[in-house]
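In our numbering, the protein residues as written are 29 to 166.
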């Protein structure tokens with residue numbers, strides 16, 4: 029059975045793994061379908077439910093497509109459009125991880141972020157950008 033699946037997926041876009049656009053479409057489709065349950069009994073319910081299924085079908089179409097170059101181009105366009113959004117959350121995640129080890133302050137002069145190691149007591153901080161000095165507790 030596994031061999032049949034491997035033979036079926038040969039030459040298809042999904043054989044290389046699930047890309048970012050497909051993951052996004054899968055999550056979006058499931059979210060819309062679950063959100064439709066909040067409108068159960070109303071006319072909006074059916075439209076949300078159909079939209080959710082349409083997104084899920086498009087997601088699986090991408091996985092089973094043999095036009096690898098077109099699916100790759102679609103994914104690259106998606107990544108280019110969501111670059112700033114993804115970078116913002118990556119930066120926030122990195123700052124949150126660093127807060128365990130460092131205090132992060134802003135320079136009062138130029139608003140530059142400065143990392144100060146925790147547990148050093150009161151220290152005088154010199155901004156590397158504008159050379160402003162200020163005292164902070166670490």
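Even for Gly, the Cβ is constructed at its ideal location relative to N, Cα and C.
First through last residue of the alpha helix (DSSP H) which encompasses residue i
i, result
"residue 79", "71 to 92"
"residue 112", "111 to 126"
Buried or exposed (CB count within 10 angstroms, at least 16 for buried), residue i
i, result
"residue 9", "Outside the displayed span of the chain (29 to 166) sits residue 9, for which this structure offers no information."
"residue 115", "exposed"
"residue 57", "buried"
"residue 80", "buried"
"residue 50", "buried"
"residue 76", "buried"
"residue 135", "buried"
Proximal residues to residue i (C-beta, below 8 angstroms), its chain only, five neighbours per side dropped
i, result
"residue 148", "166"
"residue 20", "Lying outside 29 to 166, the shown extent of the chain, residue 20 is not represented and no answer is given."
For residue i, the three-state DSSP class (helix, strand or coil)
i, result
"residue 98", "helix"
"residue 157", "coil"
"residue 51", "helix"
"residue 30", "helix"
Boundaries of the beta strand (DSSP E) in which residue i is found, first to last residue
i, result
"residue 144", "141 to 145"
"residue 132", "130 to 134"
Neighbourhood of residue i by C-beta distance below 6 angstroms, restricted to the same chain and skipping five residues each side
i, result
"residue 189", "Any question about residue 189 goes unanswered here, given that the chain covers just 29 to 166."
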